[in-house]
Amino acid sequence: QELLAEIFSYGAAGPNDYLNLTMIQYNKARAHAPFVYAAVCHAWRSAAMASPRLWHNLCVPRFNIEERPLQLAQVLQCVTVILDRSKSGSIDVIFERLEEDQLEHYSPIITLLESDRLRWRRL
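So our numbering is basically just the index in the sequence shown, starting at one, shifted up by 2.
(1) Distance check for V83 and E98, CA to CA, integer angstroms please.
(2) Given a cut-off of 7 Å on the beta-carbon distance, is the pair G91 and P54 in contact?
(3) For L115 and W46, what's the separation of their Cα atoms in angstroms?
(4) What are the boundary residues of the alpha helix (DSSP H) that W57 is part of?
(5) What are the boundary residues of the beta strand (DSSP E) that includes R99?
(6) Spell out a yes or no on whether the region 58-67 and the region 28-48 are touching, meaning 3 or more CB-CB pairs, one atom from each, closer than 8 Å.
(7) Can you check which of these residues, E106, A75, T113, V95, is closest to L125 by C-alpha distance?
(8) Can you name, in chain order, every residue of its own chain whose Cβ lies under 8 Å from the Cβ of S11, other than the five neighbours on each side?
(9) Here's the rule: buried if 16 or more other CB atoms are within 10 angstroms of the residue's CB, otherwise exposed. What is V42?
(10) Suppose you measure from the CA of E101 to the CA of R87; what does that come to, to the nearest Å?
(11) Judging by CA-CA distance, which residue of L78, L85, E106 is the nearest neighbour of L120?
(12) I believe A35 touches A7 by the beta-carbon criterion, under 8 Å. Please report the beta-carbon distance rounded to the nearest angstrom.
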């Protein structure tokens, strides 16, 4: 289980600590990696669930405003899951192309994240 968790952490690795913070970008594969690992089989799920550091990338995708209620609910559920599974570890919060004129649509997500702001390593 420990070996699997170590392998998973490389697949879901965050940005290099030496990169400029402005270079951090939304990465769909990195965002989905922990969920994919946890869905393969019972052994992989156990390893993924036992590794809080695997859940340190909190990637918020851009969602379609016309389908906002459904997508917002899905994103909120995903954010809640990652906050829970990452335990008390630090998290990198990454938004995919967050436009200033769309901030109001993201306010429920930002409010949820704000409660764990002391855990933010990067935003």
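We put the CB at the ideal spot given by N, CA and C, even for glycine.
According to the structure shown:
(1) 19 Å
(2) yes
(3) 28 Å
(4) Neither: W57 is in no alpha helix (DSSP H) and is coded neither H nor E.
(5) Neither: R99 is in no beta strand (DSSP E) and is coded neither H nor E.
(6) yes
(7) V95
(8) S53, R55, L56
(9) exposed
(10) 28 Å
(11) L85
(12) Not quite, the Cβ-Cβ distance comes to about 13 Å (not below 8 Å), so this is no contact.
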